[in-house]
Amino acid sequence: MPARPAARTRRALGDLTNFGVALAAVTAFVLLAATLLRRGYASPDFDAMLTDDAGRRSGGWLSEIVLFGIRALPDDWAQQTALALLPAIAAGLLFGVLYHCVRDSDWGAPAALLLMVLLGGHALVLYAITSAGMQIPTLIALGALIPAIRRLESVGDVQADVSFGLVLPLLLLAGPQTAPLILPLAMASAIANPDGRRDHRAFIAMLLVAVMPTLIVIVGVVGFAMQAGIDPADLLVPYVRAFASVHLDGLVTGLADMTVLAPVAIIPIVYCFIPDRRRRCWSALAVVGLPVYLALGNAVFPWHLPAWVPAVAQLSTFAAWAAVARVRLPLRVATLALLAVAAAASWALPAIWTDTEWKAALLSAFH
């Protein structure tokens, strides 16, 4: 009997800690965004929003839906404030969820808090949150895939396939650069099911289960476009433009940035070689493979993503993996050490400071 009140007390304390971490993260990110606003910094996303079709022209429908609501605000100040604070609030809440999941994955409270600090203190993470909100849907979509893939390879039942299918629409909404992943991943989820491998009818059924949410979202996007007065034929333009030409430029730089600014990619690779009954290699390899896909595609096709996006995507997929994978103590220690190196490098290397106005506004707040 005494164990139950003790368990309830621990659970209540854990919930309070989770709330505290989320509140602290939201407060920190909002204060940083507000400081940049007070210093006169205007996000490049704000200038893009003024074109009135930024999300539609890029194919980023999740961004377009958010911008559609922000444009309804009465003046430029309200629009710019909302554009700055919404990503900060969303990121803070995600950090709270991440802390809760990491604690459930056998990380101690001090180590989990240090993990949050190192991720949140990375210069490019802060830049993405406070200045590049239109890239956040891509980071969220790739990060959300990791827990879904891990559940699929751990459980492999119909419910896992349904859950996986619910994540795939994020790839469509994030933009043309991630949309090509939908069909291969849906087919892989159908193959992952034992019945799907044995019976072609089960394979087709599982494939439909995986792609149906995306098809529903496509119908919704077309309806949204028609209601907004957009020609449905124009919906294909961003996808055609994203793959209209082929070149090879910046691949080495992109991979080098990932190596220096997100060296934690080595952790999932090492994890795959450590014998453990809980080991799930496909999700671990996806942690590295998805950002590499982004870097490779950005180098080959005219996606025009900022050069730092694959590196931050690497941090996003790794954080999502750390939230669901139970790794041994040496790997957790190595993770914190590598994140500390990455955070220090992100502030020390001048090559990442492509937005001099952001840097000047941030540094002026400390003078």
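Heads up: the sequence shown runs through residues 1 to 367, numbered per the UniProt record's numbering.
Glycine included, each C-beta is placed from N, C-alpha and C at the ideal position.
- The C-alpha of Ala320 is placed about 28 Å away from the C-alpha of Thr9.
- Taking a contact as a CB-CB distance under 8 Å, the pair Ile149 and Ser283 counts as one, their CB atoms being some 4 Å apart.
- In summary, Pro110 is exposed, with fewer than 16 beta-carbon neighbours lying within 10 Å of its beta-carbon over all protein chains present.
- Here Gly96 really is in contact with Val21; their C-beta atoms are around 5 Å apart, less than 8 Å.
- A distance below 7 Å between beta-carbons, with the five flanking residues on each side excluded, links His122 to the following residues of its chain, in chain order: Leu315, Ala342, Ala343, Ser346.
- In this structure, the CA atom of Val162 is about 37 Å from the CA atom of Leu73.
- Under the 10 Å beta carbon count, Gly120 is surrounded by 16 or more other beta carbons and is classified as buried.
- One alpha carbon belongs to Ser131, the other to Pro5, and they sit about 46 Å apart.
- Contact annotation: the stretch 170-181 does not touch the stretch 192-207, with fewer than three C-beta pairs closer than 8 Å.
- DSSP, read as helix, strand or coil, puts Val246 in coil.
- Burial state of Arg151 is buried, judged by a 10 Å Cβ sphere holding 16 or more other Cβ atoms.
- In this structure, the CA atom of Leu118 is about 14 Å from the CA atom of Ala322.
- Distance check between Ala188 and each of Gly175, Ala174, Gly165 places Gly165 closest, using alpha-carbon atoms only.
- DSSP places Leu73 outside both helix and strand once states are collapsed to three, so it counts as coil.
- In this structure Ile267 is buried. Its beta-carbon is surrounded by 16 or more other beta-carbon atoms within 10 angstroms.
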